[in-house]
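Chains C and R, in that order, are what the protein sequence lines are. Going by UniProt numbering, the first residue of the first sequence is number 1, and it counts up by one from there. Going by UniProt numbering, the first residue of the second sequence is number 1, and it counts up by one from there.
2 protein chains.
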Amino acid sequence: MKEHIVISKATIDRLPLYFRTLRTLQEEGAEIISSEELGRRIGVTPEQIRKDLSSFGEFGKKGVGYYVRELMRNVGEILGLHRNWNIAIVGLGHLGSALANYRNFVSLGFNIKAIFDVDREKVGQHIQDVEVYSLSRLTEIIPAKNIHIGVITVPAQFAQQVADKLVAAGVRGIWNFAPVKLNVPEHIRLISEDLSVGLTSISYYLSRQLIDED
Amino acid sequence: MKEHIVISKATIDRLPLYFRTLRTLQEEGAEIISSEELGRRIGVTPEQIRKDLSSFGEFGKKGVGYYVRELMRNVGEILGLHRNWNIAIVGLGHLGSALANYRNFVSLGFNIKAIFDVDREKVGQHIQDVEVYSLSRLTEIIPAKNIHIGVITVPAQFAQQVADKLVAAGVRGIWNFAPVKLNVPEHIRLISEDLSVGLTSISYYLSRQLIDED
DNA sequence: TAGATTGTTAATCGATTAACAATC
DNA sequence: TAGATTGTTAATCGATTAACAATC
Numbered sequence: 001m002k003e004h005i006v007i008s009k010a011t012i013d014r015l016p017l018y019f020r021t022l023r024t025l026q027e028e029g030a031e032i033i034s035s036e037e038l039g040r041r042i043g044v045t046p047e048q049i050r051k052d053l054s055s056f057g058e059f060g061k062k063g064v065g066y067y068v069r070e071l072m073r074n075v076g077e078i079l080g081l082h083r084n085w086n087i088a089i090v091g092l093g094h095l096g097s098a099l100a101n102y103r104n105f106v107s108l109g110f111n112i113k114a115i116f117d118v119d120r121e122k123v124g125q126h127i128q129d130v131e132v133y134s135l136s137r138l139t140e141i142i143p144a145k146n147i148h149i150g151v152i153t154v155p156a157q158f159a160q161q162v163a164d165k166l167v168a169a170g171v172r173g174i175w176n177f178a179p180v181k182l183n184v185p186e187h188i189r190l191i192s193e194d195l196s197v198g199l200t201s202i203s204y205y206l207s208r209q210l211i212d213e214d
Numbered sequence: 001m002k003e004h005i006v007i008s009k010a011t012i013d014r015l016p017l018y019f020r021t022l023r024t025l026q027e028e029g030a031e032i033i034s035s036e037e038l039g040r041r042i043g044v045t046p047e048q049i050r051k052d053l054s055s056f057g058e059f060g061k062k063g064v065g066y067y068v069r070e071l072m073r074n075v076g077e078i079l080g081l082h083r084n085w086n087i088a089i090v091g092l093g094h095l096g097s098a099l100a101n102y103r104n105f106v107s108l109g110f111n112i113k114a115i116f117d118v119d120r121e122k123v124g125q126h127i128q129d130v131e132v133y134s135l136s137r138l139t140e141i142i143p144a145k146n147i148h149i150g151v152i153t154v155p156a157q158f159a160q161q162v163a164d165k166l167v168a169a170g171v172r173g174i175w176n177f178a179p180v181k182l183n184v185p186e187h188i189r190l191i192s193e194d195l196s197v198g199l200t201s202i203s204y205y206l207s208r209q210l211i212d213e214d
């Protein structure tokens, strides 16, 4: 691996797409893939793919292409998917429940180890064999179960305090679905999703279409 | 509005964040906000905000700032949130069900008008007053209910055929949660979310941290 | 008026695309 | 060998940041 190259955020965001597509290809039985064809399947230019991959090493064979299985393994290692990550979901509402049941995460090496909620009715239940704990036990259970990543699916007004508790309890990454800006220390990796952004951006484009059509 | 300026994708993706924050400010009773303070709340530089807004018009007052209510109305209009959009959810699995129950959409002007699923057990049920129809009736119901946007939450292998049906039935936008690249005609606005991207990107950074710490 | 803050132009930075030598 | 395709450097494009005149 090349050590001193700065890898762009854009590249890192494309890697999961490469991984996903390589896995599909592998399932289909493909052994070799060119950047041309891979690009077509992903919706990215072949140059982009070659450039992205080249910041991590030389994975292809000139005049031939990339070996699907080998490239998948390499991209998987770059993404840290060769090891297992323990995650906890905080907030068993509709979204938290959907994520707790999402089988895809497991196949990527993410293991849900705990779920937290304040609702007494939910505490003690099991979702896919994972126990639901009272939020008050978060500080105790996060280190006990060696949780690396916390997923926040609580209402916006509670998100910051949940984030603070997760950080204090020792998680190293937070995946936030509450529509607020969270403040966390520098060393914590925070990714926020806002589900209304996608829909709103569709709304933007559709309104323009109507104007254009006038 | 300025007509001939090309607005960058990055700008459009930030607008929903501006809108969300302005709404919070308004609920807090703030009447005026500077780009400086707004930037702090959103996590964006003040220059960025002024630049973004200036592609649509002059919404601020020099030496003063922006009137919260007025700016919110303007950004809302830019995003097409001043009108109502009818949406349909295809696939009432865990995720589809979470989206169907997500109250936030309603407050932005998105009205869920229909839900489709193949499961006979689910057909006929109601989620928040919205009826669940058999997928076979999609072609009939989309135009009847004047659905503008279709949300795809079916398993990956069925996503393309659902997209085709939605397009044929007349939707103009598709919000896709299935982890596959969908092909749709040029005039259809497609936004794809892949929930595993966020988690995988956290995994990438956490693996690096470990290496750095060695 | 003086202080504050916008809107906009110019400078910088970063990411994508094009081109092509290296080589399988 | 000839054809194909990578890896990489250079050129282009686009987005962000800095600076400041305009003006409330």
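Heads up, the beta-carbon is just placed ideally off N, CA and C, and yes, glycines get one too. Given the structure is predicted, the values throughout are model-derived calculations rather than measurements.
Ranked by Cα distance from Val106/C, the first of Lys181/C, Val130/C and Leu15/C is Val130/C. If only complete runs of 4 or more residues are kept, the segment 31 to 102 of chain R shows the alpha helix (DSSP H) at 35 to 42, 46 to 54, 68 to 78 and 94 to 100, in order along the chain. Within its own chain, the residues whose Cβ lies closer than 8 Å to the Cβ of Thr139/C, once the five positions on either side in sequence are excluded, are Lys165, Ala168 and Ala169, listed in chain order. Here the alpha carbons of Ser134/C and Asp117/C stand approximately 5 Å from one another. In the three-state DSSP reduction, Leu108/C falls in the coil class, being neither helix nor strand. Assigned with DSSP and collapsed to three states, Ile191/C falls in strand. As computed with DSSP, Ile115/R is found in a beta bridge with Ile89/R and Val132/R.
Inclusion of Ala98/R and Ile112/R in the CB contact set at 8 Å is not warranted, their separation being larger than that value. Ile147/R carries a coil assignment under DSSP once its states are collapsed to helix, strand and coil. The C-alpha of Ser201/R lies about 24 Å from the C-alpha of Ser8/R. Contact between Ser196/R and Leu108/C holds, since their C-beta atoms are separated by about 6 Å, short of 8 Å.
Relative to the Cα of Ser207/C, the nearest Cα in the group Glu47/R, Gly91/R, Ile149/R and Ile32/R belongs to Ile149/R. Counting along the chain, no beta strand (DSSP E) covers Ile12/R; the unbroken alpha helix (DSSP H) around it starts and ends at Lys9 to Glu27. Annotated three-state conformation of Gly173/R is strand, per DSSP.
Under a criterion of Cβ atoms nearer than 9 Å, the residues of chain C adjacent to His94/R are, in order, His94, Ser97, Ala98, Leu99, Ala100, Asn101 and Tyr102. The bridge partners DSSP lists for Ile152/C are Val90/C and Asn176/C.
For the pair Val64/R and Ile33/R, the CB atoms are not nearer than the 8 Å cut-off. Taking the Cα positions, Tyr18/C is about 35 Å away from Gln161/C. Looking at the backbone, the Cα of His94/C and that of Lys51/R are separated by about 37 Å. Gly39/R is a Cβ neighbour of Gln48/R, given a cutoff of 8 Å.
Taken in chain order, the members of the segment 184 to 202 of chain C whose beta-carbon sits within less than 9 Å of a beta-carbon on chain R are His187, Arg189, Leu190, Ile191, Ser192, Glu193, Asp194, Leu195, Ser196, Val197, Gly198, Leu199, Thr200, Ser201 and Ile202.
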